[in-house]
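Taken in sequence, the protein lines are chains A and B.
For the first sequence, the working numbering begins at 120 and goes up steadily by one.
For the second sequence, the working numbering begins at 412 and goes up steadily by one.
We put the beta carbon where it would ideally sit given N, CA and C, even for glycine.
The structure appears right after this line, and notes come after that.
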Amino acid sequence: MSEIAHQDHTEKKAFLVNSSSLKDVRSFCRDVFEKLQIQQDLKDELVLAIAEAAQNIVKHAFKNAAKPNELMVVQISCENNKLQIAFYDRGTPVDPKKVKHREIDNVKPGGLGTFFIQEIMDVVEFKDGKKPWINHLVLTKQL
Amino acid sequence: MSYKVTEEGNIATIHLDGEIDMDVTEKAKEVIFPHIDAGKEVHLNLSNVQYMDSSGISVLIESHQKGLEKNTKVIIKDVSKSVLKVIMMAKLEQILNLE
């Protein structure tokens, strides 16, 4: 747990649902975490977890075939040293029971993104998507 | 992502540069796999890769497995601290050839 009292802060940004947006998602996160004065190692981990969740939206919720103007929204909030990252998208509804990573000892390509998210974050939770959104994922980490 | 390839004898050294994510994995495979398929020993230098996600890790696993199939080696060299952390999170530091 961090000894720094991070300021309360919220920012959100919309991104096109495609793989070339992932670098923009990372850049947005790095900027916000800079403002929150999160230390480098933790910042790297959080950026990875967020980028993996965004990648899952592109790859799984939209199966790499989103319409050209389709958007996903990433919102980063810090309140009382609790960091919450919310994702909103209008892809195929996600069944949380089916979101699993591969067995880590069964070495093969793929299936690691969800593992990284779960390793890095304290809580990974799918909430009911409110219109116009379908999926609403919330990642939480106590700083 | 940019790259540079140098060849000396049976060794192909591939320097990758930039961030390796889902958007560039196909390009990374196109650069790496032909050398493995040709039976070369591949030295993958990652000193200038500061970010790698699960898609990039998958390319490392595929390259390693392809190397085993082709009876050659893929050696990952000069891994940056941030990428090593991701490799270790995936518990691959004992599986991949790291130097």
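{"query": "What separation, rounded to the nearest whole angstrom, lies between the Cα atoms of Lys484/B and Gly478/B?", "result": "5 Å"}
{"query": "In chain B, what lies closer than 7 Å to Ser138/A by C-beta?", "result": "Met433, Asp434"}
{"query": "Less than 7 Å separating the beta-carbons of His125/A and Leu256/A?", "result": "no"}
{"query": "With 7 Å set as the bound, which would you pick, yes or no: does the beta-carbon of Ala423/B sit closer than that to a beta-carbon of chain A?", "result": "no"}
{"query": "Do we get a CB-CB distance below 7 Å when we pair Ile123/A with the residues of chain B?", "result": "no"}
{"query": "Name the DSSP beta bridge partners of Leu509/B, please?", "result": "Ile487/B"}
{"query": "Looking at Ala172/A: is its Cβ nearer than 7 Å to the Cβ of Phe206/A?", "result": "yes"}
{"query": "Can you pull the chain A residues whose beta carbon is under 7 Å from the beta carbon of Asp489/B, in chain order?", "result": "Under the 7 Å cutoff, chain A gives no residues; its nearest Cβ is about 18 Å from Asp489/B."}
{"query": "Given that a residue counts as buried once 16 or more other Cβ atoms are within 10 Å of its Cβ, and exposed if not, what is Thr436/B?", "result": "buried"}
{"query": "Any beta carbon of chain A sitting closer than 7 Å to that of Asp448/B?", "result": "no"}
{"query": "With H, G and I counted as helix, E and B as strand and the rest as coil, what does DSSP make of Gly229/A?", "result": "coil"}
{"query": "Is the beta carbon of Ala180/A sitting closer than 7 Å to the one on Asn225/A?", "result": "no"}
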